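Counting from 1, position 41 in the sequence shown corresponds to residue 41 in UniProt numbering; the numbering is continuous, with no gaps.
Cβ atoms here follow ideal geometry from the backbone N, Cα and C, with glycine treated the same way.
It should be emphasised that the depicted structure is a prediction, and the values quoted were computed from it without experimental measurement.
Everything below concerns the one structure shown next.
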Amino acid sequence: MGRILSFLNMKEAVGTLVLSKQWKKFWTNHVLDLKTLDFDSDHFGTRWYDRALFIKYVDRVLQLRGPRFNRNVEEFSLKYNGLRDDLHRVSRWIRYAAHCKVQKLELDLYGNQPFGGEESYRFQISAPTLNTLSITFDSPDEFERCSKHIFIIQIPNLEYLTINDTIFASYQILEITSLVEANIANIGPNSGFINNGGISRVEAR
């Protein structure tokens with residue numbers, strides 16, 4: 001059964017919960033130990049109630065895994081098309097991944113302005129085990145002004161960083177001595193790398 005589930009996306013795999021008690025037990029005992037969590041809203045469609053189903057689906061999977069964060073995650077991918085007033089929820093999902101000692105985190109978020117339904121939101125990514133981080137923010141709206149959203153990135157062992165941000169959020173990135181490669185585009189004007197208490201905006205561009 002494990003091989004069968006390996007060919008399914010996560011939405012299809014979770015759907016096996018309704019088949020029988022045996023499938024539910026198998027999911028609980030084995031699938032929840034997956035080292036990769038891949039959430040993609042496009043698997044649910046683009047209508048407003050599809051978005052609600054996607055949110056419930058992510059919450060349900062994380063709930064099934066349990067509150068003790070005793071199952072580590074190597075990769076956590078979140079692709080969310082149609083983001084509205086959900087930034088607080090996205091932030092909670094990120095914290096969950098960090099608690100699970102995630103090594104690779106991919107965020108691909110798409111929504112109208114004001115992005116996420118809020119004028120300003122403060123994200124904090126603090127994950128000492130993370131070595132690869134990719135953040136993509138995109139919006140169909142024409143650029144009028146820089147977003148007031150702020151990312152505080154505290155990842156001391158990060159090696160690979162990619163940011164592609166068309167909403168021009170700001171990023172405060174604490175010094176990363178382990179960084180091997182960084183690809184950063186379209187970040188907001190208040191961004192900067194923080195080195196020994198000082199901020200270098202030149203480095204952030």
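Identify, in the order they occur along the chain, each residue of the same chain with its Cβ nearer than 7 Å to the Cβ of Asn186, setting aside the five sequence neighbours on each side. Same-chain partners within the cutoff: Asn164, Asp165, Thr166 and Phe168.
Cutoff 6 Å; reference Thr136; Cβ partners in own chain excluding five residues on either side: Correct list, in chain order: Asp108 and Asn164.
Identified DSSP bridge partners for Phe39: Under DSSP, Phe39 shares a beta bridge with Leu78.
According to the Cβ coordinates, are Ser170 and Ile150 closer than 7 Å? Yes, they are a contact pair.
Decide if Arg47 is buried, meaning its Cβ has at least 16 other Cβ atoms within 10 Å, or exposed. It counts as exposed.
Taking 7 Å as the threshold (C-beta atoms), are Gly116 and Cys146 in contact? No.
Distance, Cα to Cα, residue 208 vs Pro140? With the chain running from 1 to 205 in the structure shown, residue 208 is simply not present.
Where Ala185 sits in the DSSP three-state scheme: The DSSP-derived three-state label of Ala185 is strand.
Can you look up Ile199 in the DSSP assignment and give me helix, strand or coil? In this prediction, Ile199 has a pLDDT of 41, which is less than 50 and means its spatial position is unreliable; nothing more can be read from the coordinates.
Run of the beta strand (DSSP E) containing Pro110, from where it starts to where it stops: The residue asked about is misnamed: residue 110 is Tyr in this sequence, not Pro. Lys104 to Gly111 is the span of the beta strand (DSSP E), which, as asked, contains Tyr110.
Exposure of Gly192, with buried meaning 16 or more beta-carbon neighbours within 10 Å: By the 10 Å Cβ count, Gly192 comes out buried.
Kindly indicate which three-state DSSP category residue 206 falls into: helix, strand or coil? The question about residue 206 has no answer, for the chain in this structure spans 1 to 205.
Considering only the alpha carbon of each residue, which of Leu105, Tyr121, Gly45 and Leu53 lies closest to Thr129? For Thr129, the closest of Leu105, Tyr121, Gly45 and Leu53 by C-alpha to C-alpha distance is Leu105.
Start and end of the beta strand (DSSP E) containing Arg84? Looking at the DSSP string, Arg84 is not in any beta strand (DSSP E), and its letter there is neither H nor E.
As assigned by DSSP and simplified to three states, the class of Phe151: Three-state result, Phe151: strand.
Between which two residues does the beta strand (DSSP E) carrying Phe137 extend? Phe137 -> beta strand (DSSP E) spans Thr132 to Asp138.
By the three-class DSSP mapping on this structure, what secondary structure does Leu158 have? Coil, per DSSP.
Could you round the C-beta distance between Gly45 and Leu83 to whole angstroms and report it? I think they count as a contact, below 8 Å. Not confirmed; about 15 Å, so no contact.
Run of the beta strand (DSSP E) containing Phe123, from where it starts to where it stops: DSSP places Phe123 inside the beta strand (DSSP E), whose first and last residues are Arg122 to Ser126.
Based on DSSP bridge pairs, tell me the residues matched to Gly117. Its beta-bridge partners do not exist; DSSP assigns none.
Backbone secondary structure at residue 208 - three-state DSSP: Here the chain has residues from 1 to 205 only, and residue 208 is not among them.
Would you tell me roughly how many angstroms separate the C-alpha atoms of Leu161 and Ser91, rounded to the nearest one? If you draw a straight line from the Cα of Leu161 to the Cα of Ser91, it is about 19 Å long.
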